[in-house]
Every structure is written in structure tokens, then in C-alpha cells.
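Inspection log for the structure reproduced underneath, given as C-alpha cells.
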Amino acid sequence: MAIGRLVHYAADAVLLSTILAGMKRSTGFAPDLEKVPDGARGFASTYLGVGETIYDFAQSYVVNSAYFKPTSTDLSIMSEALDTYREHIPDSLLDGLQSIRITTAQDFLFASPPLLFHRLPAGCTTLHELSETHALLLGLCSAQGIPGDALYEMETAEGSKLPCVTASVTELNDLVGGDFGGSGRGKVLEISGDAGSGKTALALHLVLHHLCTHEDASALWIDSVGEFSVERPTSLLRYFNGPAKPSVLDRLRVALAFEPDAVYPILAELHGALSSYTNSRPRILVIDTISALLGPHLSATSSEGHAMMAELMRTLRTLANMHGLCILVLNNSTKCLPYNPESNFKTTLRKPQLGPSFTFMTDATLWLDKFHPSAETAALEDGREGELRVAEVFRSRVSPSGTYCLFRMRGGHISAYENSSPTA
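Taking the working numbering, the leading residue of the sequence shown gets 169, the next gets one more, and so forth.
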């Protein structure tokens with residue numbers, strides 16, 4: 169019983185000391201331990217140093233965690249020394265702040281002016297002057313606001329200059345609202361289907377078609393299974409024409425990422441390239457496949473994998489919206505018996521992987537499958553080259569759901585089906 173009570177007091181003391189340390193570090197105010205309950209006072213006094221260590225570790229973890237990504241600009245401004253703002257701070261006040269170890273803008277801004285005033289040496293400033301300096305520095309370190317109408321005009325003007333990503337098959341474009349993204353607010357699209365249905369072929373078609381037409385565009389392909397072959401786009405290039413065709417392979421970049429954590433540095437580099445306005449701006453991002461990245465982490469007994477999936481998709485959404493990207497996430501399939509009710513065809517016995525919630529994390533789910541023609545259609549197809557494929561919209565927020573079209577695929581090359589048209 170005594171041991172249990174001791175453990176209880178120790179846990180309370182460590183928690184309390186961590187809170188006290190956080191208060192001390194963030195406000196510069198040292199709490200009065202005499203007001204701490206008797207049972208934990210001794211432990212709090214003894215372990216205050218431990219609490220500060222825990223607080224520092226937690227603060228470091230939050231700042232450096234992959235799930236909390238403040239911009240480098242925010243961090244650099246907040247961590248700047250107060251000397252940087254010497255012209256805005258009275259000399260006597262600056263000397264007083266340094267005497268109590270307030271040396272960075274972060275230390276100063278996150279401290280309460282009344283509490284700081286009581287800690288400062290007598291006569292170095294007044295409370296009014298301290299409050300005015302605090303407000304002035306806060307304005308200098310804060311992000312500059314932009315009126316909503318000005319922001320809308322900026323985004324509209326920038327988006328109108330960027331060409332949309334489209335397929336050479338008009339019916340495929342119509343399925344996803346006329347284009348696959350690449351301008352405006354961008355789009356995050358899921359392309360799913362069984363093995364051999366044409367997921368990678370469609371993604372390559374979009375990439376090559378866009379890069380052949382626009383010489384200032386580039387594409388990033390994240391390979392999560394190590395199966396990307398440079399021979400494939402090289403062989404498919406003969407089907408495309410455009411002024412920028414000779415440099416297409418130079419502007420198609422491939423990165424390997426076998427874990428979700430390995431994707432974030434790649435996305436950070438992509439964000440930097442888009443923000444620097446380089447000559448060859450990335451317009452298309454392909455992840456082949458998203459199921460290989462996230463599938464092993466999903467479990468029915470833990471929510472960690474689902475949180476990982478939501479965070480990654482949220483990051484992709486932010487990138488697409490900020491830079492007007494076309495982001496294609498290729499997804500594998502799993503069994504769905506007796507058939508998939510979201511499909512227009514009862515011969516569809518499979519559905520996208522990663523669970524029902526994943527489909528709501530993208531703008532649209534495009535399902536590809538081999539087409540099983542009727543006897544009449546099969547007779548018309550006799551002697552024609554290429555296999556028929558069907559593309560269906562299972563769910564979409566940018567176009568009507570439940571529509572589909574047919575297209576032809578031969579040797580990995582996608583072309584139009586003469587009689588295809590989106591059907592509700």
C-alpha cells in the first residue's frame with residue numbers, strides 16, 4: 169500500500185514538475201512551491217530539474233516531429249536574437265532583458281509583459297514602454313495578412329497561367345471534371361484497379377502527354393515498390409508528339425520511398441522547388457503505389473496507421489491546393505464479393521484497398537478494369553488491335569459519380585474508343 173502511494177506521489181510530482189518547468193520556460197515565472205500540496209512538494213522541488221529536462225525533450229520532439237511541420241521562415245524569425253531588433257527596443261530595456269536571459273524573440277514574445285516587468289531590474293523601463301515594445305515586436309515577427317479579395321485575384325491570375333493536365337482521350341478528362349488538375353486549386357485523384365488494369369499506363373500517359381506539350385513542366389514519380397522501369401516511358405514516347413518531346417525524360421524525376429516517413433523529405437523538396445519558381449516547375453506528382461506505403465501500417469486493432477494515412481493525404485492535399493498540382497495516387501485492389509455495388513457492372517468483383525475512409529481523402533476515385541463486352545460489341549471488336557478498358561468514377565467531388573467510359577490500351581499506350589462516351 170505504501171509503495172503504491174509512493175509511486176502515485178512520484179508520478180504526480182514528475183507531472184507537476186514538468187508543468188512547472190513549462191511555465192517557467194515559457195513565461196519566465198518561477199512558481200511558488202509553498203503553494204504546492206504537501207504530498208508532492210518535496211518531489212516537485214527535487215525533480216524540478218527532471219521536469220525541465222522532460223519539458224525540453226517534449227518541446228524538441230514537437231518542433232522536430234514529422235507530424236508538426238512549421239515553415240522554416242516561422243522558425244527562423246522566432247529564433248532570431250533580440251539584437252536583430254535593437255533599433256526597435258530601447259537600450260536599457262534590451263540590457264535588462266538580457267540580464268534575465270531573455271535573448272531571443274521567442275523568449276520575449278511568449279512571456280507576459282506584467283510578469284516580465286516584475287522580473288526586470290528596477291528603473292530599466294516602464295510597464296507601458298514594455299507593452300508597446302512587445303506589441304511592436306509581435307507585429308514585426310507575425311505573418312503579413314492579405315485581404316481575401318486580393319488573395320483570390322492572385323490565385324486566379326496564377327492559376328490561369330498554368331496549363332491543366334489532360335489525357336489525349338477526351339472522355340477520360342470528362343470523368344474527372346474536364347482535367348486532372350495542374351492549375352487552380354489542383355486535384356488529388358485516386359486511380360485504382362486490379363493488376364493489369366492500366367493504372368500505371370494511365371499515369372504515364374498523363375505525364376508524357378503533358379511533358380511533351382509543355383517544356384517548362386516536370387513530373388515527380390515516387391516509386392514505393394521499386395518496379396519503375398525507365399525503358400517503359402522511353403518505349404511509349406513514340407506515341408506522343410510535341411515541341412518539348414526531346415527533353416521529356418530529363419524532366420521526369422523518380423524517387424524511391426518504401427515507408428511513409430521517407431515521403432515527407434521528398435515532398436518538402438518538392439515544395440521548395442515549387443516555391444523557388446525554377447525554370448522546370450513540377451506539375452504532376454505520382455505515387456505508385458499508395459497501398460504499398462500505407463497498407464502494412466493499417467490494423468483493425470490500432471488507429472495509428474489510419475492517423476498516418478490521414479496525415480499523409482492531408483499533406484498531399486495542402487501541396488495540391490497551394491501549387492495547383494495534379495497528384496495521382498495509384499491504389500491496388502482487394503476482393504469484394506459477390507460484386508462491388510459502386511460499379512456499373514456486376515462483373516466487378518474487386519474494390520480499392522485501404523478501407524472505405526480513404527476514398528473520402530481524394531477528389532475522385534477512378535476505377536480501371538478490363539471490359540467484358542457483350543456478344544454484339546465483341547463482334548465489332550473482331551480484328552481491332554488493343555484491349556478494351558473501362559474507367560469508372562466510384563466517388564467524386566469534382567464530377568458526377570457513377571459515370572464511366574471505354575478506352576483502348578495496346579502495349580501500354582492509351583487511345584480513344586471510337587464509340588465511347590461517359591454514361592450515367
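For glycine and all other residues, C-beta sits at the position ideal for the given N, C-alpha and C. Everything numeric in this text was worked out from a predicted model, so none of it was measured.
Checklist entry - Once you ignore the five residues that flank E560 on each side, which residues in its own chain have a CB closer than 7 Å to its CB? => result Residue mapping note: residue 560 aligns to position 392 of the sequence shown, counting from 1. These residues qualify, in order along the chain: S511, N512, W535 and Y572.
Checklist entry - Nearest to T483 by CA position, among P411, S470, G394 and D429, is which residue? => result Reading the sequence shown from its first residue, position 315 is the one you call residue 483. Of P411, S470, G394 and D429, the residue nearest in Cα terms is D429.
Checklist entry - The beta strand (DSSP E) with Y507 in it runs from where to where? => result Locating residue 507 in the sequence shown gives position 339, where the first residue counts as 1. Neither: Y507 is in no beta strand (DSSP E) and is coded neither H nor E.
Item to check | S583, enclosing beta strand (DSSP E) - first and last residue | outcome: On the sequence shown, residue 583 is found 415 positions in, with the first residue counted as 1. It spans H581 to A584 - the beta strand (DSSP E) in which S583 sits, taken as one unbroken run.
Checklist entry - Among D347, A468 and S392, which one has its Cα closest to the Cα of V566? => result Within the sequence shown, residue 566 is the residue found at index 398, counting from 1. Residue D347 is the option with its Cα nearest to V566.
Next on the checklist: Pairs of beta-carbons, one from the stretch 519-538 and one from the stretch 303-312, closer than 8 Å: are there three or more?
Outcome noted: no
Checklist entry - If we count Cβ pairs, one from each stretch, closer than 8 Å, do we get three or more for the stretch 423-437 versus the stretch 488-496? => result no
Item to check | Per-residue DSSP class, three states only, for S336 | outcome: For this step, residue 336 is matched to residue 168 along the sequence shown. It is coil, neither helix nor strand.
Item to check | Three-way DSSP call (helix, strand, coil) for R578 in this model | outcome: For the purposes of this step, residue 578 is identified with residue 410 of the sequence shown, where counting begins at 1. Looking at R578 - three-state DSSP - the assignment turns out to be strand.
Item to check | Burial state of V454, where buried means 16 or more other Cβ atoms lie within 10 Å | outcome: Sequence index remark: in the sequence shown, residue 454 carries index 286 (1-based). Buried is the call here.
Checklist entry - G291: beta carbon under 8 Å from a heavy atom of the ligand FAD? => result Ligands are entirely absent from the displayed structure, and the ligand FAD is therefore not among its contents.
Next on the checklist: In whole angstroms, give me the CA-to-CA distance for F197 and L283.
Outcome noted: One-based indexing of the sequence shown puts residue 197 at position 29. One-based indexing of the sequence shown puts residue 283 at position 115. Annotation note: pLDDT 44 at F197 (below 50); position unreliable, no value reported.
Item to check | For C573, the three-state DSSP class (helix, strand or coil) | outcome: Your numbering for residue 573 matches position 405 in the sequence shown. C573 falls in the strand class under three-state DSSP.
Item to check | Given A460 as reference, the closest of I390, C380 and R353 once Cα atoms are compared | outcome: For the purposes of this step, residue 460 is taken as residue 292 along the sequence shown, with counting starting at 1. Out of I390, C380 and R353, I390 has the C-alpha closest to the C-alpha of A460.
Next on the checklist: Tell me the rounded alpha-carbon separation between C332 and D384.
Outcome noted: The sequence position of residue 332 within the sequence shown is 164, counting from 1. The sequence position of residue 384 within the sequence shown is 216, counting from 1. The straight-line gap from Cα to Cα measures roughly 13 Å.
Checklist entry - Helix or strand or just coil, what does DSSP make of F236? => result For this step, residue 236 is matched to residue 68 along the sequence shown. With a pLDDT of 33 at F236, under the threshold of 50, the predicted position of this residue should be treated as unreliable, though the coordinate-derived value follows. DSSP places F236 in coil when its eight states are reduced to three.
Checklist entry - Near R578, which residues of its chain fall below 8 Å by C-beta distance, leaving aside the five closest residues on each side in sequence? => result The residue given as residue 578 occupies position 410 in the sequence shown. Only E553, G554 and E555 meet the Cβ criterion.
Checklist entry - With 16 other CB atoms within 10 Å as the buried threshold, where does Y320 fall? => result Position 152 of the sequence shown, counted from the first residue, corresponds to residue 320. So Y320 counts as exposed.
Item to check | Segment limits, beta strand (DSSP E) that includes L357 | outcome: On the sequence shown, position 189 is the one that residue 357 refers to. Taken as a continuous stretch (DSSP letters only), the beta strand (DSSP E) holding L357 covers K355 to G361.
Next on the checklist: Which same chain residues end up closer than 8 Å to V375 when comparing Cβ atoms and leaving out the 5 residues on each side of it in sequence?
Outcome noted: Translated into positions along the sequence shown, residue 375 becomes position 207. So the list reads A387, W389, P401, L420, I452 and V454, once near-sequence residues are dropped.
Checklist entry - From A303 to D275, what does the alpha carbon distance come to, in whole angstroms? => result Walking along the sequence shown from the start, residue 303 turns up at place 135. Walking along the sequence shown from the start, residue 275 turns up at place 107. Whole-angstrom Cα-Cα distance: 14 Å.
Item to check | Proximity test, Cβ basis, 9 Å: L277 and chain C | outcome: Checking the listed chains, one finds no chain C in this structure; it contains a single protein chain.
Checklist entry - Looking only at C-alpha atoms, which of A318, G349 and V337 sits nearest to L330? => result The residue you call residue 330 lines up with position 162 of the sequence shown. Of the listed residues, the one whose Cα sits closest to L330 is G349.
Checklist entry - When the Cα atoms are used, what is the spatial distance from M476 to L462? => result Translated into positions along the sequence shown, residue 476 becomes position 308. Translated into positions along the sequence shown, residue 462 becomes position 294. Each residue's alpha carbon lies about 8 Å from the other.
Checklist entry - Exposed or buried, I582, counting other C-beta atoms within 10 Å across all chains shown (16 or more means buried)? => result Residue mapping note: residue 582 aligns to position 414 of the sequence shown, counting from 1. With 16 or more other Cβ atoms within 10 Å, it is buried.
Next on the checklist: In this structure, how does DSSP classify K367 when only helix, strand and coil are distinguished?
Outcome noted: Here residue 367 is taken as the residue at index 199 of the sequence shown, counted from 1. Three-state result, K367: helix.
Checklist entry - Exposed or buried, G354, counting other C-beta atoms within 10 Å across all chains shown (16 or more means buried)? => result Walking along the sequence shown from the start, residue 354 turns up at place 186. Buried: at least 16 other Cβ atoms inside 10 Å.
Checklist entry - What number of angstroms, rounded off, separates the C-alpha of L357 from the C-alpha of V497? => result For this step, residue 357 is matched to residue 189 along the sequence shown. For this step, residue 497 is matched to residue 329 along the sequence shown. Straight-line Cα distance between these residues: approximately 6 Å.
Checklist entry - Residues in its own chain within less than 8 Å of K203 by CB, not counting five upstream and five downstream? => result On the sequence shown, position 35 is the one that residue 203 refers to. With a pLDDT of only 46 at K203, under 50, the local geometry of the prediction cannot be trusted, and the value read off the model is given with reservation. Excluding sequence neighbours, K203 sits near nothing in its chain.
Next on the checklist: Rounded to the nearest angstrom, what separates A314 and N489 at their Cα positions?
Outcome noted: Mapped onto the sequence shown, residue 314 falls at position 146. Mapped onto the sequence shown, residue 489 falls at position 321. According to the sequence as given, residue 314 is Ile; it is not Ala. Straight-line Cα distance between these residues: approximately 17 Å.
Item to check | Cα-Cα separation, R193 to A363 | outcome: Residue 193 sits at position 25 when you count from the first residue of the sequence shown. Residue 363 sits at position 195 when you count from the first residue of the sequence shown. Because R193 sits at a pLDDT of 47, beneath the cut-off of 50, its placement in the model cannot be relied upon, and the following sentence gives the value as read from the coordinates. Cα to Cα, R193 sits roughly 56 Å from A363.
Item to check | Reduced DSSP secondary structure (H/G/I, E/B, other) of E555 | outcome: Indexing the sequence shown from 1 puts residue 555 at position 387. E555 falls in the strand class under three-state DSSP.
Item to check | Separation of T252 from G366, as counted between CA atoms | outcome: Residue numbering aside, residue 366 sits at position 198 when the sequence shown is read from its first letter. Residue numbering aside, residue 252 sits at position 84 when the sequence shown is read from its first letter. Straight-line Cα distance between these residues: approximately 57 Å.
Item to check | Any beta strand (DSSP E) of 3 or more consecutive residues that is wholly inside the stretch 412-469 | outcome: 420-424 and 449-456
Item to check | Where C494 falls: helix, strand or coil (DSSP) | outcome: In the sequence shown, residue 494 corresponds to position 326, counting from 1. C494: strand per DSSP, three-state reduction.
Checklist entry - Distance, Cα to Cα, A273 vs S564? => result If you number the sequence shown from 1, residue 273 lands on position 105. If you number the sequence shown from 1, residue 564 lands on position 396. Each residue's Cα considered, the two are about 46 Å apart.
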